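Inspection log for the structure reproduced underneath, given as structure tokens.
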Amino acid sequence: MRFDVDSFREIADSLVRNKSRSLLTGFGVFWGIFMLLFLMGGGQGLKQLIMSNFEGFATNTGILISSQTTVPYKGFKEGRYWRLSYTDVDRLRLMMPELETVTPVINTGGREAVYGTGTTSVSVRGIYANYHKIEEPKIRYGRYLNETDILQERKVCVIGKRIYKELFPDGGDPCGKFIRVGPVYYQIVGVDFSSGNISIGGRADQTVFIPLPLAQKIYNRGSNVDIICTAAYSGIRMSDLEPRMRQIIAKQHAFDPADKQAMVIINTEQMFALVDNLFKGVNFLIWLVGLGTILAGVIGVSNIMMVTVRERTTEIGIRRAIGATPRDILSQIILESIALTLVAGSFGIVFAVQLLRLMETVVRLNPDNPPADFQIGFWLAVAAALLLTLLGVVAGLAPASRAMAIKPVDAMRDE
Amino acid sequence: MLIELKDVNKTYNNGQPLHVLKGIDLSIDRGEFVSIMGASGSGKSTLLNILGILDNYDTGEYYIDGRLIKGLTERQAADYRNRMIGFIFQSFNLIGFKTAVENVELPLFYQGVSRHKRHEMAMEYLERLGLTDWAGHYPNEMSGGQKQRVAIARALITNPKIILADEPTGALDSKTSEEVMQLLTQLNREEKVTIIVVTHESGVANCTDKIIHIKDGIIGQIEDNRRHQSSVFGTSTIMK
């Protein structure tokens, strides 16, 4: 195989000679690689955006919420309301050693928080200090609620990001200041900046966290709790624990353990799995569509190379007559095919990268959006380029074998 | 002997077997200027293809400069064509998207000669044929005679043992034909290049020193034409 600058010039020449044809053929490959990379980057970014909703949430969490029974049981008729209570918390702790954390929560929504002249609507959540094991806070100022706060029922609170922004528009550390929620003044001890969207009873950024016993007294909740959050030790699947939790609670509150609607268990493990499966499906589609489009483009290249070879029968015959070996012809056709796919594909890569960058910028324009990484990796781009080269070879094989079959005599016959 | 054919046979098997060359015996010496004449269908094109290693023959032996040309691989054949034979075609067969100088360079490209060197050599040959000013022009910008001269330069550049010219004047008018034949004659006389011209024009054949008549696949008559008196149409010009 003979090879120098002229080989490359010749390839460039022959591609440029049929500008519109090369352009149209190349477009198929361009669009294919663009689609594949753009969809891959977009899918990845989207997944990160959606996953960020779960931010701070333990992946192995089960949240128990009481609801209405739907079947009659033990003399009770259906449609009965029941409530979770503190004893359920103790019972779960005692009877389910697999659970690392069991913590009750009281929620009250639609309250108004006041600081100075500023007001904002909030929900109040009574929690124990170990609630952070369920929903990871991102403490910006101060600290989280601690055991002493709970024990002494101090009128202290941790506020969410949005409350902080609304009530303290000038910024600064608000710790030690007092805000009023309803009739009660609470001293701020911390600010939580977590921005996850998954939450029970209001978004964390609009929530005032106060000690649970305090909430219980202020809002007259007696021994009832709204929800019980549980987290299992790592390695234990929440789904496996669900039936036993139902058994324990159902026995106490006299509802049918098979009555799934009587008690809702939100299983984050399942939700994660759901999103994960969703994106597995999306990824599969991306590969199907992307590779399919590239393949269609490559077949186009192969086709057009076939036409080129036919058109150039005389030229190839002349080359053979004056001393080109079949291998020279083979390499010429394959290199042309590679050049066409690689050049067109590189434009596709560049275009996809640029568009993904634009998307990233657009997403970041809104500061509320969590940071998401849309861009494809460097090595993915390199792999794409390698794939294109390979596809170029494949596309060139059939036309090249046809070109190699051209005998030098054909040059003279074609007059 | 530079070229020796011994009882060369060739049969085409396209449907009905066609025995085209029926035992060709031929020898051509170094520095000869020979023409092969024959009507169409006489087998002269087949003979030319075999002489040019463009086609295989079935039986017999063909030697160039003592080397047996038989059962070559495509690669060897390409190499021999490149180094031993220079082709001049009726339809010039220049590559249309290459300039004159690039066309002349091409055989050297396939020899692996460096870019600079082959350009230099191509320019030298173009100069010898008076085409320096046309080096950068494409074939469609040149006249038939100029194109044929470019083709001659391309044939000469590898310094081959034989120049094979297939109807070199077939696409040219009589005046240009004469020029081309003069050029070939001059090459033969001054540089002792062995030239074999295949033609059916007696005027063209008359320019050569030896006329080999081929008819129905066998060599008929070998005419000594050193006096250039064979043309029935007159000796002074090439009749078209």
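Listed in order, the protein sequences are those of chains X and Z.
Counting with the working numbering, you get residues 22 to 436 for the letters of the first sequence.
Counting with the working numbering, you get residues 63 to 302 for the letters of the second sequence.
Just so it is clear, CB atoms sit at the ideal spot from N, CA and C, and this is done for glycine as well.
Source: prediction; values computed, not measured.
Check: residue i C-beta below 6 Å from any heavy atom of the ligand FMN
i: X:Pro392; result: The model depicted lacks the ligand FMN and carries no ligand whatsoever.
Residues that residue i contacts on chain Z, provided the C-beta gap is smaller than 7 Å
i: X:Ile339; result: Asn155 and Ile157
i: X:Asp27; result: Phe171 and Arg177
Closest Cα partner of residue i within the set the options
i: Z:Thr231; options: Z:Thr261, Z:Thr256 and Z:Val212; result: Z:Thr261
i: X:Glu133; options: X:Ala283, X:Tyr206 and X:Leu356; result: X:Tyr206
i: X:Met326; options: X:Asp431, X:Ala360 and X:Gln396; result: X:Ala360
i: X:Phe372; options: X:Ser28, X:Gly53, X:Arg385 and X:Leu36; result: X:Gly53
i: X:Val246; options: X:Leu401, X:Lys301 and X:Leu233; result: X:Leu233
i: X:Asn288; options: X:Met72, X:Leu262, X:Pro195 and X:Pro391; result: X:Leu262
i: Z:Leu156; options: X:Thr346, X:Cys178 and X:Thr335; result: X:Thr335
i: X:Arg258; options: X:Asn74, X:Ala271, X:Glu119 and X:Lys98; result: X:Glu119
i: X:Ile397; options: X:Phe55, X:Asp25, X:Arg38 and X:Phe48; result: X:Phe55
i: X:Arg378; options: X:Val26, X:Leu58, X:Glu168 and X:Arg38; result: X:Leu58
i: Z:His290; options: Z:Gly279, Z:Asp271 and Z:Gly77; result: Z:Asp271
i: Z:Gly207; options: Z:Trp196, Z:Ser239 and Z:Tyr200; result: Z:Ser239
i: X:Val285; options: X:Gly139, X:Ser73 and X:Leu85; result: X:Leu85
i: X:Ala405; options: X:Lys182, X:Met425 and X:Gly311; result: X:Gly311
i: X:Tyr102; options: X:Leu309, X:Thr91 and X:Val110; result: X:Thr91
Contact list for residue i against chain X, beta-carbon separation under 7 Å
i: Z:Asn144; result: Ile343 and Gly344
i: Z:Ala345; result: No answer is possible for residue 345 of chain Z: it lies beyond the span of chain Z, which begins at 63 and ends at 302.
Cross-chain neighbours of residue i in chain X, by beta carbon under 9 Å
i: Z:Asp117; result: Lys428, Pro429 and Val430
i: Z:Ala227; result: Per Cβ cutoff of 9 Å: no residues; Z:Ala227 is ~12 Å from chain X at best.
Residues that residue i contacts on chain Z, provided the C-beta gap is smaller than 8 Å
i: X:Glu332; result: Correct list: empty, because the minimum Cβ distance to chain Z is about 11 Å.
i: X:Glu336; result: Ile157 and Gly158
Inter-residue CB distance, residue i and residue j (contact presumed, cutoff 8 Å)
i: Z:Asp69; j: Z:Gly122; result: 4 Å
i: Z:Val242; j: Z:Ala162; result: Not quite, the Cβ-Cβ distance comes to about 16 Å (not below 8 Å), so this is no contact.
i: X:Val330; j: X:Pro420; result: 5 Å
i: X:Ile32; j: X:Leu356; result: 6 Å
i: Z:Tyr142; j: Z:Leu134; result: 7 Å
i: X:Ala252; j: X:Ile155; result: 6 Å
i: X:Ser367; j: X:Ala416; result: About 16 Å separates the two Cβ atoms, so there is no contact after all.
i: Z:Ala217; j: Z:Ile276; result: Not a contact, Cβ separation roughly 22 Å.
Exposed unless 16 or more other CB atoms sit within 10 angstroms - verdict on residue i
i: Z:Ile225; result: buried
i: X:Arg30; result: exposed
i: X:Met116; result: exposed
i: X:Ala225; result: buried
i: X:Arg146; result: buried
i: X:Phe399; result: exposed
i: X:Glu436; result: With a pLDDT of only 45 at X:Glu436, under 50, the local geometry of the prediction cannot be trusted, and no value is derived from it.
i: Z:Phe95; result: buried
i: X:Arg385; result: exposed
i: X:Phe276; result: buried
i: X:Gln173; result: exposed
i: X:Pro392; result: exposed
i: Z:Asn221; result: exposed
i: X:Ser422; result: exposed
i: Z:Gln78; result: exposed
i: X:Val383; result: exposed
i: X:Gly66; result: buried
i: X:Asn387; result: exposed
Contacts that residue i makes with chain X (C-beta to C-beta distance below 8 Å)
i: Z:Pro169; result: Ile343 and Gly344
i: Z:Arg137; result: Thr346, Pro347 and Arg348
i: Z:Phe149; result: Ala342 and Ile343
Where residue i sits in the DSSP three-state scheme
i: X:Asp435; result: For X:Asp435, the pLDDT reaches just 48, beneath the cut-off of 50, and the residue's location in the model is therefore unreliable, although a value from the coordinates is still provided. The answer is coil: DSSP assigns X:Asp435 none of H, G, I, E or B.
i: X:Phe48; result: helix
i: X:Thr90; result: coil
i: Z:Phe151; result: coil
i: Z:Asp141; result: helix
i: X:Gly338; result: helix
i: Z:Phe159; result: coil
i: Z:Arg129; result: strand
i: X:Gln396; result: coil
i: X:Arg30; result: helix
i: X:Ala404; result: helix
i: X:Met22; result: Low per-residue confidence applies at X:Met22: pLDDT is 49, beneath 50, and the placement is therefore not dependable enough to give any value.
i: X:Leu418; result: helix
i: X:Val135; result: strand
i: X:Ser144; result: strand
If you measure beta-carbon to beta-carbon, which residues of the segment 32-54 of chain X are closer than 8 Å to chain A?
-> The structure shown contains no chain A; its protein chains are X and Z.
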